[in-house]
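Below: the structure, in structure tokens.
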Amino acid sequence: MFFEKKGPHTLKKVSNICENSDSKHSESIKIDDIRDLSSASIKDITFFHSLKYKSEAKKTKALACITKKELEKYLPEKCLKILVKNVLLSVAKVGILFYPNSDIDPLDNSLLPSDEVKNKYKNVVFGKNVLVGKNVQIGKNTVIGNNTIVEHDVQIGENCHIGSFVSIKNSILENDVLLQDNVKIGVKGFGFIPDPNKNFRAPHIGKVVVKRGSEVGSGSTIDRGSMTDTIIGENTFIDNQVHIAHNVKIGKNCMIAGQVGFAGSSNIGNNVVIGGQAGISGHLNIGNNVSIGGGSGVIKDIPDNTKVMGYPSIEFKEFIKKWKSNE
Amino acid sequence: MFFEKKGPHTLKKVSNICENSDSKHSESIKIDDIRDLSSASIKDITFFHSLKYKSEAKKTKALACITKKELEKYLPEKCLKILVKNVLLSVAKVGILFYPNSDIDPLDNSLLPSDEVKNKYKNVVFGKNVLVGKNVQIGKNTVIGNNTIVEHDVQIGENCHIGSFVSIKNSILENDVLLQDNVKIGVKGFGFIPDPNKNFRAPHIGKVVVKRGSEVGSGSTIDRGSMTDTIIGENTFIDNQVHIAHNVKIGKNCMIAGQVGFAGSSNIGNNVVIGGQAGISGHLNIGNNVSIGGGSGVIKDIPDNTKVMGYPSIEFKEFIKKWKSNE
Amino acid sequence: MFFEKKGPHTLKKVSNICENSDSKHSESIKIDDIRDLSSASIKDITFFHSLKYKSEAKKTKALACITKKELEKYLPEKCLKILVKNVLLSVAKVGILFYPNSDIDPLDNSLLPSDEVKNKYKNVVFGKNVLVGKNVQIGKNTVIGNNTIVEHDVQIGENCHIGSFVSIKNSILENDVLLQDNVKIGVKGFGFIPDPNKNFRAPHIGKVVVKRGSEVGSGSTIDRGSMTDTIIGENTFIDNQVHIAHNVKIGKNCMIAGQVGFAGSSNIGNNVVIGGQAGISGHLNIGNNVSIGGGSGVIKDIPDNTKVMGYPSIEFKEFIKKWKSNE
Numbered sequence: 001m002f003f004e005k006k007g008p009h010t011l012k013k014v015s016n017i018c019e020n021s022d023s024k025h026s027e028s029i030k031i032d033d034i035r036d037l038s039s040a041s042i043k044d045i046t047f048f049h050s051l052k053y054k055s056e057a058k059k060t061k062a063l064a065c066i067t068k069k070e071l072e073k074y075l076p077e078k079c080l081k082i083l084v085k086n087v088l089l090s091v092a093k094v095g096i097l098f099y100p101n102s103d104i105d106p107l108d109n110s111l112l113p114s115d116e117v118k119n120k121y122k123n124v125v126f127g128k129n130v131l132v133g134k135n136v137q138i139g140k141n142t143v144i145g146n147n148t149i150v151e152h153d154v155q156i157g158e159n160c161h162i163g164s165f166v167s168i169k170n171s172i173l174e175n176d177v178l179l180q181d182n183v184k185i186g187v188k189g190f191g192f193i194p195d196p197n198k199n200f201r202a203p204h205i206g207k208v209v210v211k212r213g214s215e216v217g218s219g220s221t222i223d224r225g226s227m228t229d230t231i232i233g234e235n236t237f238i239d240n241q242v243h244i245a246h247n248v249k250i251g252k253n254c255m256i257a258g259q260v261g262f263a264g265s266s267n268i269g270n271n272v273v274i275g276g277q278a279g280i281s282g283h284l285n286i287g288n289n290v291s292i293g294g295g296s297g298v299i300k301d302i303p304d305n306t307k308v309m310g311y312p313s314i315e316f317k318e319f320i321k322k323w324k325s326n327e
Numbered sequence: 001m002f003f004e005k006k007g008p009h010t011l012k013k014v015s016n017i018c019e020n021s022d023s024k025h026s027e028s029i030k031i032d033d034i035r036d037l038s039s040a041s042i043k044d045i046t047f048f049h050s051l052k053y054k055s056e057a058k059k060t061k062a063l064a065c066i067t068k069k070e071l072e073k074y075l076p077e078k079c080l081k082i083l084v085k086n087v088l089l090s091v092a093k094v095g096i097l098f099y100p101n102s103d104i105d106p107l108d109n110s111l112l113p114s115d116e117v118k119n120k121y122k123n124v125v126f127g128k129n130v131l132v133g134k135n136v137q138i139g140k141n142t143v144i145g146n147n148t149i150v151e152h153d154v155q156i157g158e159n160c161h162i163g164s165f166v167s168i169k170n171s172i173l174e175n176d177v178l179l180q181d182n183v184k185i186g187v188k189g190f191g192f193i194p195d196p197n198k199n200f201r202a203p204h205i206g207k208v209v210v211k212r213g214s215e216v217g218s219g220s221t222i223d224r225g226s227m228t229d230t231i232i233g234e235n236t237f238i239d240n241q242v243h244i245a246h247n248v249k250i251g252k253n254c255m256i257a258g259q260v261g262f263a264g265s266s267n268i269g270n271n272v273v274i275g276g277q278a279g280i281s282g283h284l285n286i287g288n289n290v291s292i293g294g295g296s297g298v299i300k301d302i303p304d305n306t307k308v309m310g311y312p313s314i315e316f317k318e319f320i321k322k323w324k325s326n327e
Numbered sequence: 001m002f003f004e005k006k007g008p009h010t011l012k013k014v015s016n017i018c019e020n021s022d023s024k025h026s027e028s029i030k031i032d033d034i035r036d037l038s039s040a041s042i043k044d045i046t047f048f049h050s051l052k053y054k055s056e057a058k059k060t061k062a063l064a065c066i067t068k069k070e071l072e073k074y075l076p077e078k079c080l081k082i083l084v085k086n087v088l089l090s091v092a093k094v095g096i097l098f099y100p101n102s103d104i105d106p107l108d109n110s111l112l113p114s115d116e117v118k119n120k121y122k123n124v125v126f127g128k129n130v131l132v133g134k135n136v137q138i139g140k141n142t143v144i145g146n147n148t149i150v151e152h153d154v155q156i157g158e159n160c161h162i163g164s165f166v167s168i169k170n171s172i173l174e175n176d177v178l179l180q181d182n183v184k185i186g187v188k189g190f191g192f193i194p195d196p197n198k199n200f201r202a203p204h205i206g207k208v209v210v211k212r213g214s215e216v217g218s219g220s221t222i223d224r225g226s227m228t229d230t231i232i233g234e235n236t237f238i239d240n241q242v243h244i245a246h247n248v249k250i251g252k253n254c255m256i257a258g259q260v261g262f263a264g265s266s267n268i269g270n271n272v273v274i275g276g277q278a279g280i281s282g283h284l285n286i287g288n289n290v291s292i293g294g295g296s297g298v299i300k301d302i303p304d305n306t307k308v309m310g311y312p313s314i315e316f317k318e319f320i321k322k323w324k325s326n327e
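Residue numbers (the numbering used here), protein chains in the order written: chain P, 1 to 327; chain Z, 1 to 327; chain X, 1 to 327.
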């Protein structure tokens, strides 16, 4: 939707990009797209790099799969295997083949001053020096602040209030969303395959979805997803200078105070309250109704209805007990 | 001053908004404004939600007060009580009645390019693409950087130096203030009454005052006050990416290093030094001549002349002792 | 290069600025520049304020040196000593004499819209509302994003990708550098001599050098050096909202996650990995192949090939052992 898809490409071409020279990969087989194990169709290529995804691997419908020798046995027999040493590097390369430029934030050449396109947005209020890209949708009664940029194909709902110096790209904002001054949303995440000669940037073909009634504070950054989306749930309020990395999914009715940081791909439940400057490591599951004290460092999953604090975070009662015994 | 006040409103109307249906609240009684217990006059309504403010309650001159059953006895007999379940929610609703739009950062429709208004600012130097609102005052020899926005009614003193990409609203800057690139000052704070259907944003009718000779680093955000002001004292220097929440009051001659965060409503004394990434919880009193080590998490008051470090912070000597015993 | 040098100035004038009234400081002796102990030539003045630099002091070629009584014996006999009480204050004052305005981020009066200068940059792609200063060099195939400012004398290499709302001043970017939206680079650092009447800002005559293939994430700030440069090494990737203070030198192939902060003048080796929200104190030496866990507070040097975590940071194995024993 935000990144133009190229292809189809032959399995041979894809295979060559992966530096796999197995001659069985025919020129006659065409690949339509690259998707994860669950969402790949019979025309797509997928990837399987960790035993953690064994059950998804068994059920994948993908035509082909980038994987490594020791994992191929978990895949369906009819799935064509492309065996490589570094699965994620090959996935990144194939991702770029299908979605060129998704590894950067390409300049949007379609931007025009809002004065030139305001006839298309009759019930929208624009500040000064606003730039709007092609195919942008903006709902009625929405206000777009001064010097703000809304890039191509972005969708903004009704009654949204967007501040000044905001940049929105690769994003869908539902109704009643409020972004304060200087929010940057939809930028490429911090994902790459390290290489001492030249790091290889991972494609970021996901988007950001900000659900109904959410608020994002001044100076916060929300990266778009890599292969999936970054999601902010309904009625979730986020304070200033918060950093939300790629693929993070935050539930509804959460309250996230200033300078909190989320590493990539964590799932945060509903009604979660996070104090200022707390940090949430990557790939964690934080339950519903969780409360995380300010300054905490969360490095493992947290079950529902739990209150934690500390670095690394522990149960709140334990934290207070230790603190009092230390004084 | 920055938000237009509506009213007067009848006590009945105010009472209805509070969802208090007590018939004694007459249509003939008019309310002029909403103010805190100490500053409310005989024509104003005030609010009293915590025993912490008992002594102010006893002395209030307010005509009426939003409070709850168990607190009404502390108020003067002649003060009309509006009893509600959720005092802060009612206060927010009444605040919005008197100050519509103070719960967001409304678009300033009065902004004009500095080229069009520069005759009014003969001794001011403007960069490119500067936007200036109505009734803005700027002192002589002040420089306003490129792409910067100065919204309506803002006052900037003499010899100030404002960087590029700065946004100033609802603020008063005294003389000799320096704001580096990308400072966002005067935005709405992170205050709301949580509601799983739709959070209710608290009005923010306070301003930001930056006193003589202060400096604010690049990317820092300073929220305006809710019912009071956010204040940065004289000759206080603040580094990059610092977050200062609503109602925080910082004294003079302080030094605040990068990425420090202040939760709301704390009072910081004079000559306070705060190391990088420290966090100060809300509603604290930090004394004069206090030194807070980098990365500390301050969760209780600190007396004058104290040096602390740690998360949570303890006396510096204790911290060093523990650290050495741990190595 | 970025700041115009004034002078030469007489030794008498320099001496007076230092509030040293020693009559031996002749009007006939001219000083060309102010430099550190190692780089000062026979025509320059230097400074020596700490025993830490004793060996450099012994070998300095400087014509004159600002120092204090107890240190003068370490300097070569023929070096003219200017004895003062507060060396750094005198150095700041003399620095401003030679480099006026280097203590702020002066407005660049030379900026022009890219449309007016694009003939000089035929192989460069500019977004909308870009401002470019005089003597700016930009290599071929470089893209400069919307609303971005490139100030005078900045050098940007080939194949660079600069996002929107970026401000670049006093900086050299080599080839293949990527700056995401809202990076602010080259601003004055947080350096001043505290004075309860009026802090005295230190000159910042250094620049920022971003080497080949580096990436800087959205909202990050990189301050220019004071007397030396701030350097980001080759192929080093930096995430969002990172703060890099003046004079920090980061090696090559480093990975620095979101919201990390560096205090001034630290040296970071090659292949260093730093987790989110970690803080690195000032004036430290961090070795090669060091790994620093997220949220850590580093307050002492770290040798090569070491993995640390914690606040303050300790060896990773120790940290995990303690954490497990606490659970």
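We put the beta carbon where it would ideally sit given N, CA and C, even for glycine.
Within 7 Å (strictly less), CB to CB, does residue i reach chain X?
i	result
P:Tyr311	yes
P:Ser167	yes
P:Asn199	yes
Z:Phe237	yes
I'd like to know whether the C-beta atoms of residue i and residue j end up nearer to each other than 7 Å.
i	j	result
Z:Asp239	X:Ser167	no
Z:Val242	Z:Ser214	no
P:Phe2	P:Asn119	no
Z:Gln277	Z:Gly251	no
Z:Ser164	X:Ile149	yes
Z:Leu75	Z:Ala57	yes
Buried or exposed: where does residue i fall if 16 or more other Cβ atoms within 10 Å of its Cβ makes it buried?
i	result
P:Asn197	exposed
X:His9	buried
X:His204	buried
Z:Asp304	exposed
Z:Asp301	exposed
P:Asn235	buried
Z:Ile42	exposed
Z:Leu51	exposed
Mind listing the chain X neighbours of residue i? Cutoff is C-beta to C-beta under 9 Å, in chain order.
i	result
Z:Lys317	Those do not exist, as Z:Lys317 stays about 15 Å from chain X at its closest Cβ, beyond 9 Å.
P:Ser226	Within 9 Å Cβ-Cβ: nothing; P:Ser226 doesn't reach chain X, min ~14 Å.
Cβ closer than 7 Å: which chain P residues qualify as neighbours of residue i?
i	result
X:Lys128	Leu111, Leu131
Z:Thr221	Ser218, Gly219, Asn240, Gln241
X:Asn146	Leu111, Leu131, Ile149
So which residues of chain P does residue i contact, with C-beta pairs closer than 8 Å?
i	result
Z:Ile104	His161, Leu178
Z:Gly297	Gln277, Gly294, Gly295
Listing by chain order, which chain Z residues have their CB less than 9 Å from the CB of residue i?
i	result
X:Val94	Ordered by position in chain Z, no residue passes the 9 Å Cβ test against X:Val94, which lies about 21 Å from the chain.
P:Val125	Leu107, Asn109
Could you tell me whether any Cβ in chain P is nearer than 7 Å to the Cβ of residue i?
i	result
X:Gly276	yes
X:Val143	yes
Please list the partners that residue i has in chain Z, where partner means a Cβ-to-Cβ separation under 8 Å.
i	result
P:Met255	Pro194
Residues of chain Z with CB closer than 7 Å to the CB of residue i, please, in chain order.
i	result
X:Val187	Gln180, Asp181, Ser218
Would residue i pass as an interface residue toward chain Z - the criterion being a Cβ-Cβ separation below 7 Å?
i	result
X:Phe190	yes
P:Gly264	no
Residues of chain X with CB closer than 8 Å to the CB of residue i, please, in chain order.
i	result
Z:Gln259	His243, Gln259, Gly261, Gly279
Would you list, in sequence order, the uninterrupted alpha helix (DSSP H) runs of no fewer than 4 residues that lie entirely inside the region 91-179 of chain X?
-> 114-117
Please specify which runs of the alpha helix (DSSP H), each continuous and at least 4 residues long, are wholly inside the region 48-74 of chain P, giving them in chain order.
-> 54-59
Note down, one range per segment and in chain order, each beta strand (DSSP E) of at least 3 residues found wholly within the region 268-324 of chain P.
-> 307-309
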